[in-house]
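Quick note on the numbering used here: the sequence shown kicks off at 19 and runs consecutively. C-beta: ideal position from N, C-alpha, C; glycine also. Worksheet: one structure, shown below.
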Amino acid sequence: MNDFHRFELEGWNRVSISYHDSFGRLTEQLVPVLLQSINAKAGQCLLDVACGGGALVRQAREQGIDAWGADFSYSMLSAASRRTGLNYFVAANAQQLPFQDQSFHALTCNFGILHFPDALRFIGEAHRVLKPSGTLAFTAWCPPQQSLFFQLINDALELHADPAVALPPGPPMHQWAERDYVSEQLQYAGFGEIHLAEFQAQVRAASAEQIIQPIMQGSVRAHGLIAAQNVTIQEKIWQAIVEGSRRYQGDDGVSIPMAALVVVAKKM
Ligand SMILES: C[S@@+](CC[C@H](N)C(=O)[O-])C[C@H]1O[C@@H](n2cnc3c(N)ncnc32)[C@H](O)[C@@H]1O
Numbered sequence: 019m020n021d022f023h024r025f026e027l028e029g030w031n032r033v034s035i036s037y038h039d040s041f042g043r044l045t046e047q048l049v050p051v052l053l054q055s056i057n058a059k060a061g062q063c064l065l066d067v068a069c070g071g072g073a074l075v076r077q078a079r080e081q082g083i084d085a086w087g088a089d090f091s092y093s094m095l096s097a098a099s100r101r102t103g104l105n106y107f108v109a110a111n112a113q114q115l116p117f118q119d120q121s122f123h124a125l126t127c128n129f130g131i132l133h134f135p136d137a138l139r140f141i142g143e144a145h146r147v148l149k150p151s152g153t154l155a156f157t158a159w160c161p162p163q164q165s166l167f168f169q170l171i172n173d174a175l176e177l178h179a180d181p182a183v184a185l186p187p188g189p190p191m192h193q194w195a196e197r198d199y200v201s202e203q204l205q206y207a208g209f210g211e212i213h214l215a216e217f218q219a220q221v222r223a224a225s226a227e228q229i230i231q232p233i234m235q236g237s238v239r240a241h242g243l244i245a246a247q248n249v250t251i252q253e254k255i256w257q258a259i260v261e262g263s264r265r266y267q268g269d270d271g272v273s274i275p276m277a278a279l280v281v282v283a284k285k286m
């Protein structure tokens with residue numbers, strides 16, 4: 019286990035209880051999109067890797083799909099079971115899936131891929147556990163110019179953070195939203211019929227002051243970067259994020275655009 023993997027695991031354990039009602043409200047907007055994209059039939063087997071609070075597994079089961087969730091955080095898995103009342107969750111590292119070859123008709127991963135230290139190993143594992151012609155579908159956040167909530171956080175960090183404070187080095191956050199890179203890597207791993215589409219999600223909060231909840235209670239890297247600063251700096255960063263979010267204030271609260279790339283590919 020490298021430092022980044024350990025940092026991620028500790029982080030997801032920390033937010034396991036609060037994730038779903040904070041950042042999970044944002045990621046859940048992509049669940050119907052992923053389910054529609056795999057076009058799974060009732061009775062078919064689906065594995066949702068990095069399943070978090072289990073929202074995708076629950077919605078897939080409601081459609082009669084034989085869906086299973088896998089996540090490396092035991093705390094997250096127990097939160098998923100509690101939240102959904104289901105027992106279809108298993109502990110697994112995305113880079114070493116504990117399933118036999120050709121087990122699943124479809125494999126989904128909603129905003130998990132950017133957290134894996136070696137995402138190419140995950141892509142290889144996805145290919146291995148999919149049945150012939152099985153479908154892989156995943157999502158990744160577009161760069162901050164399109165994911166304006168990240169832009170706000172980056173701007174606040176740039177303005178106030180001590181650049182000497184660093185997290186364990188991890189993979190680039192937005193690599194899996196780069197169309198050429200994604201297509202190339204998927205083809206190399208044995209996938210074809212690759213479809214890439216952008217989806218516009220929204221971070222929503224009742225007020226600007228509440229916009230920091232998804233970061234505090236549902237994020238690992240963004241929270242880690244802020245929490246590693248001294249207390250005075252942390253205060254300035256939170257304040258800058260709140261102030262920056264005021265420009266997205268509307269009649270129904272704050273709504274900040276976040277673009278995601280939805281990737282769908284077939285095992286060849
Ligand atoms: C941003 S959350 C996404 C959760 C969920 N898919 C959703 O739609 O909200 C990332 C999830 O990836 C899991 N995760 C991170 N690295 C992992 C790894 N190497 N193997 C399995 N799960 C991992 C975390 O525990 C967390 O539940």
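Kindly indicate if chain B contains any beta-carbon less than 8 angstroms away from that of A207.
Among the chains of the structure shown, chain B does not appear; only one protein chain is present.
Return the bridge partner residues of F156 from the DSSP annotation.
Stepping through the sequence shown from its first residue, residue 156 is reached at position 138. Paired residues: C127 and V281.
Which residues mark the beginning and the end of the beta strand (DSSP E) in which D119 is found?
Taking the sequence shown and counting its residues from 1, the one referred to as residue 119 is at position 101. Here D119 belongs to no beta strand (DSSP E), and DSSP marks it neither H nor E.
Write down every uninterrupted run of the beta strand (DSSP E) in the stretch 57-83 whose length is 3 residues or greater and which is fully enclosed by it, in chain order.
With a minimum length of 3 residues, the continuous beta strand (DSSP E) runs that stay inside the stretch 57-83 are 63-67.
May I have a chain-ordered list of the beta strand (DSSP E) segments no shorter than 3 residues that lie completely inside the stretch 179-252?
You should have 209-223.
With respect to the alpha helix (DSSP H) encompassing F22, which residues constitute its N-terminal and C-terminal limits?
On the sequence shown, position 4 is the one that residue 22 refers to. F22 -> alpha helix (DSSP H) spans D21 to V33.
Using CA coordinates, which residue listed in A158, G208 and L52 is at the minimum distance from A124?
Position 106 of the sequence shown holds residue 124. Looking only at A158, G208 and L52, the smallest Cα-Cα distance to A124 is reached by L52.
Taking just the CA atoms, how far does L48 sit from F117?
In the sequence shown, counting from the first residue as 1, residue 117 sits at position 99. In the sequence shown, counting from the first residue as 1, residue 48 sits at position 30. The C-alpha of F117 lies about 25 angstroms from the C-alpha of L48.
A97, enclosing alpha helix (DSSP H) - first and last residue
For the purposes of this step, residue 97 is taken as the residue at position 79 of the sequence shown. Looking at the DSSP string, the run of the alpha helix (DSSP H) that includes A97 is Y92 to T102.
Counting pairs of Cβ atoms below 8 angstroms between the stretch 158-178 and the stretch 187-196, do you hit three or more?
Put simply, the stretch 158-178 touches the stretch 187-196. At least three CB pairs are less than 8 angstroms apart.
Pair within 8 angstroms by beta-carbon distance, D84 and C69
Here residue 84 corresponds to residue number 66 of the sequence shown, with the count starting at 1. Here residue 69 corresponds to residue number 51 of the sequence shown, with the count starting at 1. For the 8 angstroms CB-CB criterion, D84 and C69 do not form a contact.
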